[in-house]
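Written below as structure tokens is the structure these notes are about.
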Amino acid sequence: MGSALLVSVAFATTGVFGSIPQDDHAQIVRASRFFESRAWPIIERECLRCHGGEGRIRGGFRIDARSGLLVGGDRGPAFDEKNPEDSLILKMISWDSEEHQMPPKARLSDEEISILTEWVLEGATWADGVGNDVPAEAFEAQVIPDGGDWWAWQPLTEPTIPETGNPDWVRNPIDAFVLARLDEAGITPAPEADRRTLIKRVAYDITGLPPTPEEVESFVTDRNPDAYERMIDGYLDSPQHGVKWARHWLDAVRYADTDGYERDRTKPEAWRYRDWVVEAINEDKPWNRFLVEQIAGDELPDRDLQTLTATGFYRLGIWDDEPTDVELAKNDDMDSIIDVVSRGMMGMSVACARCHEHKRDPILQGDYYRLAAIFRDLKPYKERMGNAINANNITRRVPNHFGAEGEATFEREKRRYDEEFARAMIELRDRSGSVSEDLVSSSSDDGLVAHYPLDDTTKGVLSDATGRHDGRLLDARFGREGLDGGALGFDGGDDRAMIPNVARDSFTISLWMRTESQSNGPDEDPRWFRGSGLVDGEVSGIVNDYGLSMIGSGIVAAGVGNPETFINSPPGFNDGEWHHIAFTRDASTGRIALFVDGREVDSATGGKQSLDSIKQLSIGRMLPGGGGFNGTLDEIRIHDRPLGSREIAAMAFRTRFDDAVVEAIRESEGEEAAEEFNALRDRLLAMEPPSAETTLVLCARGHGPVPPGTNILIRGDAHSPGRAVKPGVPAVLGGLDFAPDPPKHGESSGLRLAFADWLVEDDNRVTWRVASNRLWQHLFGRGIVRSSDDFGSLGSRPTHPELLDWLAGEFVRRAGSRREMTRLILESSTYRMSNRFDEGSYNKDPLNDLAWRRDLRRLSAEELRDSILAMSGQLNLELRGPGVYPPLPRAVLETASRPDQAWGRANDAQAGRRSLYVFLKRSLRHPFLEGFDQPDTDRPCSVRFTTTVPTQSLMMMNSEFMDRQAARFAKRLRAESPGDLRGQIRRGLQLTLCRPPSDQEVAEIIRMIDELQAEDGLDPAEALEASCVLMLNLNEFLHVG
Amino acid sequence: MSEPHRPGTFCGRTRREFLWETGGAFTGVALAGLLAKDGFLDRQAMAADGVTPFDNDANPLAPKQPPLIPKAKSVIFLFMYGGPSQVDTFDYKPKLYGLDGKTIDVHVKGRGGTRNQGRVVGPKWNFKQHGESGAWVSELFPHLSTCVDDIAFIKSMYAESPLHGSAMLMMNSGQILSGSPALGSWVNYGLGSVNENLPGFVVMLDHTGGPISGAKNWSSGYMPASHAGTVLRPKGEPILDLEPDAARRGSVQRRLLDRLRAMNDAHASRNPGNPDLESRIASYELAYRMQSTAPEAVDLSTESSSMRDLYGLDDDRTREFGRKCLLARRLVERGVRFIQVYSGGNHNDANWDAHGDLVFNHTKHAGATDQPIAGLLKDLKQRGLLDETLVVWGGEFGRQPVAEYAEGTGRDHNSAGFTMWMAGGGIKGGVSVGETDELGSAAVDDRFHVKHLHATILNQLGFDPNALTYFHAGLDKKLVGVEGAQPISQVIA
């Protein structure tokens, strides 16, 4: 081992290679010879298998070229030209920690490490003709993963429509593709189903509801040649079509109305997104536009209320409002979005590339983070804000006419209104200024529970002008010049005043404030209790408290606790001017709002709890022992109700315009002055802010024109950022990069719009296949690719690849019209086949992959519940609106940690709403829907389970829901065929089976009713109800053929 | 989604077959590697991925043999919701008594955030050594202290979150991220139910309400809902929808079911080649049998008065929890695989979450559970059931040695170190593994993550915890996470 010793010595004694003159040619030659003869053999033997040009490249790092060292892999450059001793490659081969172990199987020998170290310190000189040297910029592009020959990653083809042996059967090209494969297999397709079967199938597939007996009979007897087509159109025209199909999409985007976790808070206005989906389907919004609005509705040049609502798409997932690791939580949220986009829209499962290269598909870890970089621009639910949402990050209040034109108009009108309103207010103030002082007091006395004018002189006492709630003064000094008489000064230290807590439920706290100081707390975390207290009732922990404070550079902040709800103003109110601040809470709705200088600056909806944890309020300092306010306060008022915006404006403009003022003017200045004042007041009261109609939407909000950067996370660890990546699409789909191109409003970077535009290009090889496959799946019970959210090698292959490509092409040719595509499929002979069993066909194709017959399917959870409601006459077909709360058994409510607050109440009519509208609470699922396989909402679900378990039978026979519905079904039958039991049963069966029952079927049930009465002692009403339970449990009712 | 199967034949492809069919893109070597451990995967009877086909003829809840020889047949998980304080229960820290009231440097992370200093709250109960093993137990558990030679204490547990929401999910599903199947669902998926008339995974909640996040704690996540826990109520109708309406019981129900069966049979014969129809017909008979089996299982009238005494059924303090413990034993006897019993529910002092008055809180909850738990261990032992029943005790985390507020004895959450114990089911009695530091604030020696606890439970049930997988969203998911975990060998007999 003499040479090893030699090298070590050279290295230890000199460390000189770095200082070799660059122009010393002989030295370079020597260095490259050293590389070629000593270092390269080690690299070739130990590194190239994973970091060479052949096969899979680990960690994105190549060492078969010097450029590979310079570009580096996921963890950044491997070689540091300026400071070679800091090069990552040296750390990696050192094995000095778990992070640094290369090669991974065993540490190199000391000798080998010495050689590589010498080579690196010398400048990592390469040698001509060794390895595979390529220029650095070309290098990244070269890292194209293998396995690119998988069907799903190939461009769309334009398949030729096959010739078949039975042209009569071929109604459209779909049939040609299907029949061609059946012909090959020597299978004859099942005959067309009868009309009763067809209408039931179409009605359920399109609307999720059973056809009425009248609809069935009218179709069965329709002699027109286009009877079938007209029947289809009838159902496609029904708004119930959107209700049925929205559910498919909501599964894929893991829709729920709440956040999950401990508080399982209701997402603000999530239902508007659900309604948007229903509407999009009903108006046949082109599929491309459907996707674009969800991904980038806020970045579209023609954005409006609807496109903003569509971006609620980003806010549907679980959200831990109290994460133990904030960085991890943010990345989990991002992961969830990537999961929905990639599986739901692109048919790719990229989740595993969060931590490493995909094991089976050509998806690199970098691809995952390139996708993440597109969405990084979205503001998260909050940033470092404890267990709270920053409502401003995820919602916005939008005028209903909001839009490209409307927006500018609105802004203009709003400005004009604000100016006019202020002018009118000032004029009113000036006119009323002549009446007596006490009347000019600008506050409404209605509900005034405490008023601290702060003009006191008595030592230590803070007197309440209402005489009820005097407080104590601790250090704070009176005598500063106030807005109206004296005022109370604070020096930012311990001084404060204490008053009793007089506000527990609904209230308005208002005051005048002047400061020039920076306050406690950081601007980026404006939770009231981090600031300098104004009027504070903070109590540590998650309790029913509230407070009002100043934070950082002049942010006014307020909030209530448990659930924590925060609101705040923009910064800048520490400008040394007097500002009027009002904080209101309406306990009946949970809404809190903050007003500065008479204008609402923020609002949020929190809980309706009584704020009863507070014993007293601290003025001018945070409780307990927190930040002190440095400035002056005046005229603190507390009302026991939320004042209206006009009342607050009146306070802020220090004027009053109620009848008492008019009277006072009349007395002091005469009739004319009073009338003038009155006219002015009328004008003011008649002024309406532009478009009072606004809508709060859950939506995307961007970080501004420059998106935050994105780095690869080494092994997916949120705390180990690696190299930076550019936003772009996976290499296997072309690897296109996106650059920020901010929309005019500058609220976001435009990256999502660029991605969305790429996604819906006519020749996008995944989008249209995925969309066509989903249509097929929901019309046949299975996709052409069964794994409709994974077209990769872990998914299944298409049973009819040419058909899938043809459908994808047709979808584009038909401008993304779902409706036309649906009609096309429904019109095919393939769709119209019966469920007829055939031994020979079965033996050749037991899984029915070739579609030789129609698969029977059980009703989905929603279809089943809705059908039962339809039978009982309780079904309410109303569309839109917040989720409803049909009654749940007490036993189910008791599984919640607060059983009495776990669920709302719906009246009878609302309890009959379609299942799509049942409030989807993550921690308390509707047992019937869950029991019949409505999927868990924490993750996307593209293919539901269909289970058959005894608990379903228990629900169908014994649940309170079934008891109620069976009783109503019986009542309905009695009403429709009074006094005619046979007629009642006949009608009941006709309703449940969607066909006229046989005489024998009716007779058998009548016989059971007789026995129930004669042998079991039931009365006739009970016996009919029992037979209603029976009819609702028939397999023929639960299945569609 | 349904697939046409001929009644009585097995036609579904297993995932193995599926992989063979679609595996053209990768080599035989890779395939062999992938399949080496997946013998069990055949049992993933259904999958929402649309890939894994299911076998219509196989009931997903049918009993299954685990791949290895099991030491435990059932698990009773006594969940002390809210987080019991280790230094007041089983983790004896003599130094802490003297520090009471002193402010010291200590790194803690809880609901109130991260702190580096705190006022020590000395343990509020004295400890004594018990049994032949000399295990330390505080005065809170006079009954349980007589069972220590059957118990293995793990005093160096740690978890990833000191906040209830994510911590509950971690203890119950192994992940802080919502949406994964509960431990009991994995057991249900792996073992099915021996007694097809009872659910395989049963949860009994506190009378004050469920834990926070409610049903998420026994959710089957991405597995079918049939693997989720079934809430069993100790009083009244034990399982939701078990009892028909008053007018439809007994002979009425039988008559109804017979007519239903006749009509459904006629329908099935008109629609051959649709085995789903047969399965549903059968499910009504199964449901009917559950109606008589479940009430019998929860009927304590046949239990002797000595049993009532043993479990404390006649004492107001212990009645509620005692009843659930006795029920747990009856369920074990009837083949239920996984039973979770909650001590504490709702919020604040209704569970072990002692933020305010530690003495009040722990006296209440230890008092309600001590005798019932000791009774359960003794009862199982005398019936010879303890050997095959794994009993697990613990909360979602422990508590800090220092006070949370300026005043009072309340302790904040602590996931850096806490105690859990196991008994029976092939667990070594009379041992204690792992240690926290001298303040009891963080595990320092032989630290065990929640996933090691889960791995131990699966191991005792006869599974290689690193091979029990479920294919979802392109990944073979495991209860013990991507990186896997080994069982805690020191506690295994």
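So the protein sequences, as listed, match chains A and B. For the first sequence, the working numbering begins at 29 and goes up steadily by one. For the second sequence, the working numbering begins at 1296 and goes up steadily by one. We put the CB at the ideal spot given by N, CA and C, even for glycine.
Q: Could you tell me the distance, in whole angstroms, from the CA atom of Phe-819(A) to the CA atom of Ser-1473(B)?
A: One-based indexing of the first sequence puts residue 819(A) at position 791. One-based indexing of the second sequence puts residue 1473(B) at position 178. Computed Cα separation, rounded: 26 Å.
Q.
Can you determine whether any heavy atom of the ligand ADP sits closer than 7 Å to the C-beta of Pro-132(A), and answer yes or no?
A. Annotation note on the ligand ADP: not contained in the displayed structure, which lists no ligands.
Q: Please say whether Gly-1460(B) and Asp-348(A) have beta carbons closer to each other than 8 Å?
A: Position 320 of the first sequence, counting from 1, holds the residue named residue 348(A). Position 165 of the second sequence, counting from 1, holds the residue named residue 1460(B). Yes; because the gap between Cβ atoms is below 8 Å, this pair is in contact.
**Q.** Three-state secondary structure (DSSP) of Ile-740(A)
**A.** The count along the first sequence starts at 1 and reaches residue 740(A) at position 712. Strand.
Q | is_contact[Met-1036(A), chain B] using C-beta, thresh 8 Å | A | For the purposes of this step, residue 1036(A) is identified with residue 1008 of the first sequence, where counting begins at 1. At least one chain B Cβ lies under 8 Å of Met-1036(A).
Q. Phe-341(A): which of Asp-330(A), Asp-303(A) and Asp-936(A) sits nearest, CA to CA?
A. Here residue 341(A) is taken as the residue at index 313 of the first sequence, counted from 1. Its Cα nearest to that of Phe-341(A), the residue Asp-303(A) stands out among Asp-330(A), Asp-303(A) and Asp-936(A).
**Q.** Against chain B: residues of the region 964–978 of chain A by CB proximity under 7 Å
**A.** Only Asp-964, Asp-966, Arg-967, Cys-969, Ser-970, Val-971, Arg-972, Phe-973, Thr-974, Thr-975, Thr-976, Val-977 and Pro-978 from the region 964–978 of chain A bring a Cβ to less than 7 Å from some Cβ of chain B.
Q: Could you please give me the residues that DSSP links to Met-1452(B) through a beta bridge?
A: Along the second sequence, one-based indexing puts residue 1452(B) at 157. Looking at the DSSP output, Met-1452(B) shares a beta bridge with Phe-1713(B) and Phe-1743(B).
Q) DSSP state of Val-912(A), grouped into three classes? A) Position 884 of the first sequence, counting from 1, holds the residue named residue 912(A). Shown here, Val-912(A) sits in a strand according to DSSP, grouped into three states.
Q: Note down, one range per segment and in chain order, each beta strand (DSSP E) of at least 3 residues found wholly within the region 720–794 of chain A.
A: You should have 722–726, 738–741 and 749–753.
(Q) Just list the residues that DSSP pairs Lys-1423(B) with in beta bridges. (A) Along the second sequence, read from residue 1 onward, the residue named residue 1423(B) stands at position 128. According to DSSP, which records beta bridges pairwise, Lys-1423(B) is partnered with Val-1432(B).
Q: With a floor of 3 residues, list each beta strand (DSSP E) that falls wholly inside the region 1743–1775 of chain B, ordered by position along the chain.
A: Those beta strand (DSSP E) runs which fall completely within the region 1743–1775 of chain B and span 3+ residues are 1764–1767 and 1770–1773.
Q: Measure the CB-CB distance between Ser-981(A) and Tyr-1579(B) and report whether it falls below 8 Å.
A: The count along the first sequence starts at 1 and reaches residue 981(A) at position 953. The count along the second sequence starts at 1 and reaches residue 1579(B) at position 284. Taking 8 Å as the Cβ cut-off, Ser-981(A) and Tyr-1579(B) qualify as a contacting pair.
**Q.** Proximity winner among Arg-404(A), Asn-871(A) and Gly-959(A), relative to Gly-214(A) (alpha-carbon distances)
**A.** Translated into the one-based positions of the first sequence, residue 214(A) becomes position 186. Nearest of Arg-404(A), Asn-871(A) and Gly-959(A) to Gly-214(A), Cα basis: Asn-871(A).
**Q.** Collapsed DSSP secondary structure at Phe-1372(B) in the structure displayed
**A.** Here the question's residue 1372(B) lines up with position 77 in the second sequence. Strand.
Q: Quick one: residues in its chain with C-beta nearer than 6 Å to the C-beta of Val-530(A), no 5 flanking neighbours on either side, listed in chain order?
A: As a first step, residue 530(A) is located in the first sequence; it is residue number 502 there, counting from the start. Val-477, Ala-478, His-497 and Ile-666.
(Q) I want to verify the contact list: residues of chain B whose CB lies under 8 Å from the CB of Val-1057(A), in sequence order. (A) As a working note, residue 1057(A) is residue 1029 in the first sequence. Those within 8 Å of Val-1057(A) in chain B are Arg-1543 and Leu-1551.
Q) Between Glu-1004(A) and the rest of its own chain, which residues show a CB-CB distance below 7 Å, the 5 nearest in sequence each way excluded? A) Indexing the first sequence from 1 puts residue 1004(A) at position 976. Once the five neighbours on either side are set aside, the close Cβ partners of Glu-1004(A) are Arg-1015.
**Q.** Candidates Ala-298(A), Met-715(A), His-773(A) and Arg-209(A), of which the one nearest Gly-732(A) by Cα
**A.** As a working mapping, residue 732(A) is identified with position 704 in the first sequence. Residue His-773(A) is the option with its Cα nearest to Gly-732(A).
**Q.** Inter-stretch contact at 8 Å, needing at least 3 Cβ pairs: the region 277–284 of chain A / the region 751–767 of chain A
**A.** Between the region 277–284 of chain A and the region 751–767 of chain A there are fewer than three C-beta pairs closer than 8 Å, too few to call the two in contact.
(Q) Distance check for Asp-211(A) and Ala-879(A), CA to CA, integer angstroms please. (A) Looking up residue 879(A) in the first sequence gives position 851. Looking up residue 211(A) in the first sequence gives position 183. The alpha-carbon atoms of Ala-879(A) and Asp-211(A) are separated by roughly 12 Å.
Q) On the three-pair Cβ rule with 8 Å, is the region 1637–1651 of chain B touching the region 1686–1703 of chain B? A) A contact is defined here as three or more CB-CB pairs under 8 Å, and the region 1637–1651 of chain B meets this definition with respect to the region 1686–1703 of chain B.
Q. Terminal residues of the continuous alpha helix (DSSP H) containing Met-985(A)?
A. In the first sequence, counting from the first residue as 1, residue 985(A) sits at position 957. Unbroken alpha helix (DSSP H) run through Met-985(A): 978–986.
Q: Starting from Phe-1496(B), follow its DSSP beta bridges and name the residues at the other end.
A: Position 201 of the second sequence holds residue 1496(B). Beta-bridge pairing links Phe-1496(B) to Phe-1633(B).
Q. What residues from the region 894–925 of chain A come within 8 Å of chain B, judged by C-beta to C-beta, listed N to C?
A. When C-beta distances to chain B are compared with 8 Å, the residues of the region 894–925 of chain A below that value are Pro-917, Ala-919, Val-920, Glu-922, Thr-923, Ala-924 and Ser-925, in chain order.
Q: Can you give me the Cβ contacts of Pro-314(A) inside the same chain, cut-off strictly under 7 Å, excluding the 5 residues immediately before and after it?
A: Walking along the first sequence from the start, residue 314(A) turns up at place 286. So the qualifying residues of the chain are Ala-843, Gly-844 and Ser-845.
Q. Which residues in the same chain as Ala-1589(B) place their Cβ atom closer than 7 Å to its Cβ, once the five residues preceding and following it in sequence are excluded?
A. By 1-based counting over the second sequence, the position of residue 1589(B) is 294. The residues Leu-1493, Pro-1533, Ile-1534 and Leu-1537, in chain order, have a CB closer than 7 Å to that of Ala-1589(B) in the same chain once the five nearest residues on each side in sequence are set aside.
Q: Examine chain A for any beta-carbon lying closer than 8 Å to the beta-carbon of Glu-1455(B), and answer yes or no.
A: Along the second sequence, read from residue 1 onward, the residue named residue 1455(B) stands at position 160. Taking Cβ atoms only, chain A reaches closer than 8 Å to Glu-1455(B), which makes this a yes.
Q. Do Gly-561(A) and Gly-575(A) have their C-beta atoms within less than 8 Å of each other?
A. Here residue 561(A) corresponds to residue number 533 of the first sequence, with the count starting at 1. Here residue 575(A) corresponds to residue number 547 of the first sequence, with the count starting at 1. Result yes, Cβ atoms of Gly-561(A) and Gly-575(A) sit closer than 8 Å.
Q | Status (buried if at least 16 other CB within 10 Å, exposed otherwise) for Arg-941(A) | A | Along the first sequence, read from residue 1 onward, the residue named residue 941(A) stands at position 913. Result: buried.
(Q) Using only the alpha-carbon positions, how far apart do Pro-955(A) and Gly-1505(B) sit? (A) Position 927 of the first sequence holds residue 955(A). Position 210 of the second sequence holds residue 1505(B). Roughly 16 Å between the two C-alpha positions.
Q | Short CB-CB distance (under 8 Å) between Asp-1611(B) and chain A | A | Walking along the second sequence from the start, residue 1611(B) turns up at place 316. No, no contact with chain A.
Q) Helix, strand or coil: which one does DSSP assign to Pro-1825(B)? A) There is no way to answer for residue 1825(B), as the model of chain B reaches only from 1296 to 1788.
**Q.** Straight-line Cα distance separating Leu-1572(B) from Thr-339(A)
**A.** Residue numbering aside, residue 339(A) sits at position 311 when the first sequence is read from its first letter. Residue numbering aside, residue 1572(B) sits at position 277 when the second sequence is read from its first letter. Rounded to whole angstroms, the gap between the alpha carbons of Thr-339(A) and Leu-1572(B) is 42 Å.
Q | Euclidean distance between Cα positions of Met-526(A) and Lys-487(A) | A | Looking up residue 526(A) in the first sequence gives position 498. Looking up residue 487(A) in the first sequence gives position 459. Their Cα atoms are separated by approximately 14 Å.
Q | Paired residues, beta bridge with Pro-528(A) - DSSP | A | For the purposes of this step, residue 528(A) is identified with residue 500 of the first sequence, where counting begins at 1. Pro-528(A) pairs with Gln-644(A).
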